[in-house]
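A short write-up of the structure that comes next.
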Amino acid sequence: MNVRTPVENRMGHDHAEDVTPPSPTQWRKSPGLMVRGGLVGVAEAVPGISGGTVSLVVGIYDRLIDAAGDTISGIKFVLTGRFSKGWATWKTVDWRFILPIIAGMSVGLIAALMTVAPLLEDHPTQTRAVLFGMIAVSVLVPLRMMRQRMRPVDWVLLVAGVVTAAILTSLPQSQVGDPSLWLVLFGTAIAINALVVPGLSGSFILMAMGLYIPVQHAVSDRDMAFIGVFFLGAVIGLSVFVKRLQWLLHHKRQATLAVLAGLMIGSLRALWPWQDDDRMLQAPEGHLGIPILLAIIGALIVTVALIVEARAASKQDES
90 MNVRTPVENR MGHDHAEDVT PPSPTQWRKS PGLMVRGGLV GVAEAVPGIS
140 GGTVSLVVGI YDRLIDAAGD TISGIKFVLT GRFSKGWATW KTVDWRFILP
190 IIAGMSVGLI AALMTVAPLL EDHPTQTRAV LFGMIAVSVL VPLRMMRQRM
240 RPVDWVLLVA GVVTAAILTS LPQSQVGDPS LWLVLFGTAI AINALVVPGL
290 SGSFILMAMG LYIPVQHAVS DRDMAFIGVF FLGAVIGLSV FVKRLQWLLH
340 HKRQATLAVL AGLMIGSLRA LWPWQDDDRM LQAPEGHLGI PILLAIIGAL
390 IVTVALIVEA RAASKQDES
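Residue numbers (the numbering used here): 90 to 408.
In structure tokens form, the structure reads like this:
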């Protein structure tokens with residue numbers, strides 16, 4: 090008898106690309122997962138950095154998308170009265186994997202809104218230099234995840250991703266003094282998708298819509314109405330987008346990874362160390378040694394992280 094695995098049930102047996110389902114997570118791995126989630130949360134608070142990029146680098150991207158997609162499916166079943174099917178779907182979610190990550194992301198996001206974001210405002214050139222080096226090396230991650238050589242269509246999709254990210258990161262910052270809750274709901278639903286798309290920064294989208302500073306103030310002032318609408322918008326946005334991305338990663342993996350790599354390359358425009366307040370790129374000026382050194386340090390940090398991650402994965406495969 091042919092028994093289909095949960096992954097095959099999600100993807101479709103005949104047309105899905107080969108993706109091996111991961112083994113259930115052990116609780117002893119929770120501290121490490123919380124740290125990884127914290128890094129993703131920090132990234133989402135920094136304009137120009139994508140939480141999706143960081144989740145790729147720290148090795149949780151695929152499983153995070155699958156867990157989020159299955160969780161959303163369960164919610165949809167419950168909301169439509171199919172409680173038993175919703176419960177069965179939730180039982181397939183690796184909660185020991187996703188809960189520590191969510192906890193870490195929440196702490197990292199709040200902490201970064203209060204610390205890292207102001208650092209970017211006070212020392213923009215130096216901070217962007219570090220981030221530029223980190224993201225430049227991170228482009229290797231989706232390229233290494235490809236199981237075959239780049240096809241002509243993959244190159245076209247990669248270039249399209251580069252152009253898209255470059256355009257989005259060049260949008261001027263909008264100013265909205267006291268945004269309505271409807272705008273907060275709509276803006277968050279759009280920006281939250283950047284959480285799961287490497288190369289796109291949710292903070293950058295919020296800045297373009299004039300919501301970045303109001304979000305910072307709401308967190309600092311503990312404006313629960315604003316924060317509640319913010320999280321509602323996030324849930325709506327993810328419920329619409331994540332399932333589609335989950336399908337693409339399983340059915341059109343090579344092409345999807347090419348787009349993600351292009352988005353990451355294009356997002357480097359936002360992290361060019363020398364730019365003015367209107368995001369216009371400028372030629373390097375002043376003392377170049379420190380920004381260049383910081384960019385190299387950022388690149389080395391990610392390189393070491395990727396090497397450690399690869400060795401850990403290799404040992405796990407051997408055991």
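Glycine included, each C-beta is placed from N, C-alpha and C at the ideal position.
What is the rounded straight-line gap between the Cα of Leu220 and the Cα of Gly170? Counting from 1 along the sequence shown, the entry for residue 220 is found at position 131. Counting from 1 along the sequence shown, the entry for residue 170 is found at position 81. Roughly 46 Å separates the two Cα atoms.
Roughly how many angstroms separate the alpha carbons of Leu337 and Val245, rounded to a whole number? Residue numbering aside, residue 337 sits at position 248 when the sequence shown is read from its first letter. Residue numbering aside, residue 245 sits at position 156 when the sequence shown is read from its first letter. Distance between the alpha carbons of Leu337 and Val245: 17 Å.
Between the segment 188 to 197 and the segment 307 to 325, can you find at least three pairs of beta-carbon atoms closer than 8 Å? no
For a quick check, are the C-beta atoms of Met194 and Val286 less than 8 Å apart? Taking the first residue of the sequence shown as 1, we reach residue 194 at position 105. Taking the first residue of the sequence shown as 1, we reach residue 286 at position 197. No, Cβ-Cβ distance for Met194 and Val286 is not below 8 Å.
Count the other CB atoms, across all protein chains shown, that sit within 10 Å of the CB of Pro268; report buried if there are 16 or more and exposed otherwise. Mapped onto the sequence shown, residue 268 falls at position 179. Buried, by the Cβ-count rule.
Contact with chain B by Leu295, beta-carbon distance below 8 Å: Chain labels in this structure do not include chain B; a single protein chain is all it has.
What separation, rounded to the nearest whole angstrom, lies between the Cα atoms of Thr181 and Val318? The count along the sequence shown starts at 1 and reaches residue 181 at position 92. The count along the sequence shown starts at 1 and reaches residue 318 at position 229. C-alpha separation (whole angstroms): 29 Å.
Take Leu357 and list the residues in its own chain whose beta-carbon comes closer than 7 Å to its own, dropping the five residues that flank it on each side. Translated into the one-based positions of the sequence shown, residue 357 becomes position 268. Answer for Leu357: Phe221, Ile224 and Ala225, listed in chain order.
Out of Gly355, Arg125, Met353 and Thr345, which one is the CA nearest neighbour of Arg236? Taking the first residue of the sequence shown as 1, we reach residue 236 at position 147. If we check each option's Cα against that of Arg236, Thr345 comes out closest.
Under 8 Å, do Leu43 and Thr253 count as touching if we go by C-beta distance? Outside the displayed span of the chain (90 to 408) sits residue 43, for which this structure offers no information.
Could you give the distance in angstroms between the alpha-carbon of Arg185 and the alpha-carbon of Asp159? Against the sequence shown, residue 185 aligns to sequence position 96. Against the sequence shown, residue 159 aligns to sequence position 70. Taking the straight line from one Cα to the other gives about 14 Å.
So, at 6 Å on beta carbons, what are the nonlocal neighbours of Leu395 in its own chain, with the 5 sequence-adjacent residues on each side left out? For the purposes of this step, residue 395 is taken as the residue at position 306 of the sequence shown. Within the same chain, Leu395 has no close Cβ partners at all.
Note down, in chain order, each residue of its chain lying with its Cβ closer than 7 Å to the Cβ of Ala156, except the 5 sequence neighbours on either side. Counted from its first residue, the sequence shown places residue 156 at position 67. The answer, listed in chain order, is Val182, Asp183, Phe186 and Ile187.
Buried versus exposed call for Met296 [16 or more other C-beta atoms within 10 Å across all chains shown]: In the sequence shown, the residue the question calls residue 296 occupies position 207. Label assigned to Met296: buried.
Where Ala134 and Gly291 are concerned, what is the direct C-alpha to C-alpha distance, given to the nearest angstrom? As a first step, residue 134 must be located in the sequence shown, where it is residue number 45. As a first step, residue 291 must be located in the sequence shown, where it is residue number 202. Roughly 8 Å between the two C-alpha positions.
Would you mind listing the alpha helix (DSSP H) stretches within the segment 237 to 289 that are 4+ residues and don't spill past its ends, in chain order? The segment 237 to 289 contains these whole alpha helix (DSSP H) runs: 241 to 257 and 270 to 280.
Let me know if Thr277 comes out buried or exposed under the rule of 16 or more other beta-carbons within 10 Å of its beta-carbon. For the purposes of this step, residue 277 is taken as the residue at position 188 of the sequence shown. That one is buried.
Given Phe275 as reference, the closest of Ile294, Gly141 and Ala388 once Cα atoms are compared: Here the question's residue 275 lines up with position 186 in the sequence shown. Per the Cα distances, Ile294.
What are the boundary residues of the alpha helix (DSSP H) that includes Ala200? Here residue 200 refers to the residue found at position 111 of the sequence shown. Taken as a continuous stretch (DSSP letters only), the alpha helix (DSSP H) holding Ala200 covers Trp184 to Met203.
N-terminal and C-terminal residue of the alpha helix (DSSP H) that Gln335 is part of: Here the question's residue 335 lines up with position 246 in the sequence shown. Where Gln335 is concerned, the enclosing alpha helix (DSSP H) stretches over Met313 to His340.
Taking 7 Å as the line, does the beta carbon of Leu274 fall inside it for any heavy atom of the ligand ATP? As far as ligands go, the structure on display features none, and thus does not contain the ligand ATP.
Tell me where the alpha helix (DSSP H) around Val226 begins and ends. On the sequence shown, residue 226 is found 137 positions in, with the first residue counted as 1. Pro213 to Ser227 is the span of the alpha helix (DSSP H), which, as asked, contains Val226.
Under the DSSP definition of a beta bridge, which residues are partnered with Leu370? What you label residue 370 is simply residue 281 of the sequence shown in a count that begins at 1. According to DSSP, Leu370 bridges with Gln364.
I think Ala359 touches Thr258, with their Cβ atoms under 8 Å apart; what is that distance to the nearest whole Å? For the purposes of this step, residue 359 is identified with residue 270 of the sequence shown, where counting begins at 1. For the purposes of this step, residue 258 is identified with residue 169 of the sequence shown, where counting begins at 1. At roughly 4 Å, the Cβ-Cβ gap stays under 8 Å, so Ala359 and Thr258 are in contact.
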